[in-house]
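Visitor: Sequential numbering of the sequence shown, starting at 1, is according to the UniProt record's numbering.
Quick reminder that beta carbons are idealized off the backbone N, C-alpha and C, glycines included.
It should be emphasised that the depicted structure is a prediction, and the values quoted were computed from it without experimental measurement.
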Amino acid sequence: MKKSIPIDSLKVGMFVCDLDRKWWQTDFLVHQFLIKSQGDIEKLKGAGVQVVVVDLARSEVSVPDLHAEIHEKENVLKKMDEDPKSSFFLPESHSLPSIQDLKSFKDLKERTENLLQDGFKNARFGKEIPVAPFREKIENMIDLISNNPSLITFLMEMEESDDETYRHSINTMILALGLAIRKGIQTCDLKAWGLAALFHDIGKTGIPLPILKKTGPLNQSDWKIIREHPEIGYRILKNHPDKDVSGLCATVAYEHHERKNGSGYPRGMSLDKLNPVTRSLIALDMYEALTANRIYRIGYSPAKTLEILLKSAEDKIDPSAVSDLIKMVGVYPTGSLIETIRGEIVLVGGYTDPTRTISEEVVLYVLKDLNGEWLLRPVRRVKSSLGPKEVKRTLHPREMGLSEKDIVRLIYPVSRER
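1. Applying the criterion that 16 or more other CB atoms from any shown protein chain within 10 Å of the CB defines a buried residue, is ILE99 buried or exposed?
2. I need the DSSP call for TYR351, collapsed to helix, strand or coil.
3. Can you tell which of LYS3, SER9, GLY46 has the C-alpha that lies nearest to the C-alpha of ASP55?
4. Tell me the DSSP secondary structure of GLU307 in three-state form.
5. Within the continuous beta strand (DSSP E) that includes VAL391, where are the two ends?
6. Skipping 5 residues on each side, what residues in its chain have a beta carbon closer than 8 Å to that of HIS229?
7. Determine the burial state of PHE125: buried for a count of at least 16 other Cβ atoms within 10 Å of its Cβ, exposed for fewer.
8. Could you compute how far the alpha carbon of LEU19 sits from the alpha carbon of SER336?
9. Quick check on DSSP: helix, strand or coil for ILE35?
10. Given that a residue counts as buried once 16 or more other Cβ atoms are within 10 Å of its Cβ, and exposed if not, what is GLU255?
11. If you compare alpha carbons, which of LYS260, PRO149, THR340 is closest to PRO388?
12. Taking just the CA atoms, how far does PHE120 sit from ASN140?
13. Would LEU108 pass as a contact of LYS137 if the rule is Cβ separation under 9 Å?
14. May I ask whether a heavy atom of the ligand ADP can be found less than 8 Å away from the beta carbon of THR112?
15. Roughly how many angstroms lie between the CA atoms of LEU271 and GLY264, to the nearest whole one?
16. What's the call for VAL382, buried or exposed, on a 16-neighbour Cβ count within 10 Å?
17. Taking the C-alpha atoms as reference points, what is the distance between CYS249 and LEU309?
18. Can you look up TYR234 in the DSSP assignment and give me helix, strand or coil?
19. As a quick exercise: from THR165, LEU177, GLY350, pick the residue whose alpha carbon is nearest that of GLY194.
20. Is DSSP giving ILE207 helix, strand or coil here?
21. Taking 9 Å as the cut-off, decide whether the C-beta atoms of LEU375 and LEU367 are in contact.
22. Could you please give me the residues that DSSP links to THR340 through a beta bridge?
23. Roughly how many whole angstroms lie between the Cα atoms of ILE174 and ILE145?
24. Return helix, strand or coil for PHE125, following the three-state DSSP convention.
25. Thinking LEU151 and LEU284 are a contact (beta carbons under 8 Å), I'd like their distance in whole angstroms, please.
26. Measure the beta-carbon distance from TYR332 to GLY349 and round it to whole angstroms, keeping in mind my assumption that it falls under 8 Å.
27. Going by the beta-carbon positions, is the gap between VAL61 and VAL16 smaller than 9 Å?
28. I need the straight-line Cα distance from PRO6 to LEU281, nearest angstrom please.
29. Output the boundary residues of the beta strand (DSSP E) element that contains PRO6.
30. Just grab the DSSP bridge partners of TYR365 for me.
31. In or out: ASN75 buried (at least 16 other Cβ within 10 Å) or exposed?
32. Return the chain-ordered list of same chain residues with a C-beta closer than 8 Å to the C-beta of THR291, the five sequence neighbours on each side being excluded.
33. Just the Cα atoms here: how many angstroms apart are residue 419 and TYR412?
34. Taking DSSP's pairing of strands, which residues face ASP55 in a bridge?
35. Given this structure, state the Cα-to-Cα distance separating LEU59 from GLN32, to the nearest angstrom.
36. My output table needs one value for ASP18: the three-state DSSP class, helix, strand or coil.
Next comes the structure, spelled out in structure tokens:
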């Protein structure tokens, strides 16, 4: 049971599950936490919070019956399940991956990309796609990201490619596996999620290459052809002898451009008629596409992308899928490059408290000082929190003239000394 109470009635030991302010109006990226000290209460008051929602079952002390006193204020609160904007979460990945895991992860991605290129080539010429090699790669990826969730976002923050379809499909697969693992999906179904994400855009093999690789704006005629790829993908996959491919993969390929308000394609279906896996993958597909860095443009930051997805959740995509994504990657994922309000350039190295409370510490590596000078060696700093008021903007390493190798070389000598 949950109860709304005024901030002055909040006590140490109560479990807060929502605030009367949106995530962008406070420094708290988390709106669910146990009040551990009077200092936590003072932080809330300092942010202008007047009413909080307390979870009675998770509180360690009794909560007084103050319903009549705050009845009018209670109307301004919304349940988190109904409004994903009312709660924002930090990522589940807490620290930088090891250098060996990074190398293994990158190698596995490259081998999977080569395999996917061959598979798509088979599809383009009407040949059957061999599934066993993909299952093996997916199993390897499950092992890697299960042991180190920060791999989900770390290299994605740095890499760039002009080969959108393959890299996009692999990154979407990684996000899908991370989400499915977090949701507790069984191993056999995890592989099906991975295959569905890998093959969701296979219909693009039926799109003429001049349109598919066009670097300028697509015209109306181009878009009409591009919008055929879900149906093409369904036709390619529906008769495959592998049941996962002919079942879930074909379904996701057909449905992944449908939208909540019926504005999607190819059938204009509402979300309640879509496969639950498709509903999750739609959010992941959009997240990867918006954050992806290409040769000809820099993607949005995770924070900006999540803001766009939260807006889309109002009438286009599944709010619960967006909420799940936010809980997994967070606003400033491990590996994010940030310019602070003070003018420093820092890299997010991880989060120290797996309970994700408001007092959670974040590990930062300072790369550029307040004077705009590159440090000879990054300085490791631990902060009690990282709120939106402290962040001027998020950056892609390319904007700073840094390659992926530069970042790894800068950070890992520091992290090894911990």
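Guide: Reading it off the structure:
1. Taking all protein chains in view, the Cβ of ILE99 is surrounded by fewer than 16 other Cβ atoms within 10 Å, so the residue is classified as exposed.
2. Correct three-state label for TYR351: strand.
3. When only C-alpha atoms are compared, the closest one is LYS3.
4. DSSP places GLU307 in helix when its eight states are reduced to three.
5. VAL391 -> beta strand (DSSP E) spans 391–395.
6. Hits under 8 Å: ASP201, GLY203, LYS204, GLY206, ILE207.
7. In summary, PHE125 is exposed, with fewer than 16 beta-carbon neighbours lying within 10 Å of its beta-carbon over all protein chains present.
8. C-alpha separation (whole angstroms): 27 Å.
9. Coil at ILE35, not helix or strand.
10. GLU255 should be labelled buried.
11. Among LYS260, PRO149, THR340, the Cα nearest to that of PRO388 belongs to THR340.
12. The alpha-carbon separation between ASN140 and PHE120 amounts to approximately 21 Å.
13. Between LEU108 and LYS137, the C-beta gap is smaller than 9 Å, which places the two residues in contact.
14. The ligand ADP is not part of this structure, which contains no ligands at all.
15. Rounded to whole angstroms, LEU271 to GLY264 spans 10 Å at the Cα level.
16. Classification for VAL382: exposed.
17. If you draw a straight line from the Cα of CYS249 to the Cα of LEU309, it is about 24 Å long.
18. Taken through DSSP and simplified to helix, strand or coil, TYR234 comes out as helix.
19. When THR165, LEU177, GLY350 are compared, the shortest CA-CA separation from GLY194 is found for LEU177.
20. Of the three classes helix, strand and coil, the one that applies to ILE207 here is coil, per DSSP.
21. With respect to LEU367, LEU375 sits close: the two C-beta atoms are nearer than 9 Å.
22. Residue pairing by DSSP places THR340 opposite VAL391 in a beta bridge.
23. Cα to Cα, the separation comes out at about 8 Å.
24. Residue state for PHE125 is assigned as coil, using DSSP reduced to three classes.
25. That belief does not hold up - the Cβ atoms of LEU151 and LEU284 are roughly 16 Å apart, past 8 Å.
26. No, TYR332 and GLY349 are not in contact; Cβ-Cβ is about 11 Å, not under 8 Å.
27. Not closer than 9 Å, so no.
28. Those two C-alpha atoms are separated by around 39 Å.
29. Where PRO6 is concerned, the enclosing beta strand (DSSP E) stretches over 2–6.
30. Looking at the DSSP assignment, TYR365 forms a beta bridge with LEU347, ARG380.
31. With a pLDDT of 41 at ASN75, under the threshold of 50, the modelled position of this residue cannot be trusted, and the question is left open.
32. So the list reads MET156, GLY299, TYR300, SER301, PRO302, THR305, once near-sequence residues are dropped.
33. Coverage of the chain is limited to positions 1 through 418, which leaves residue 419 absent and any answer about it impossible.
34. Beta-bridge pairing links ASP55 to LYS2.
35. It should be pointed out that residue 59 corresponds to Ser in this sequence rather than to Leu. Whole-angstrom Cα-Cα distance: 12 Å.
36. Three-state result, ASP18: strand.
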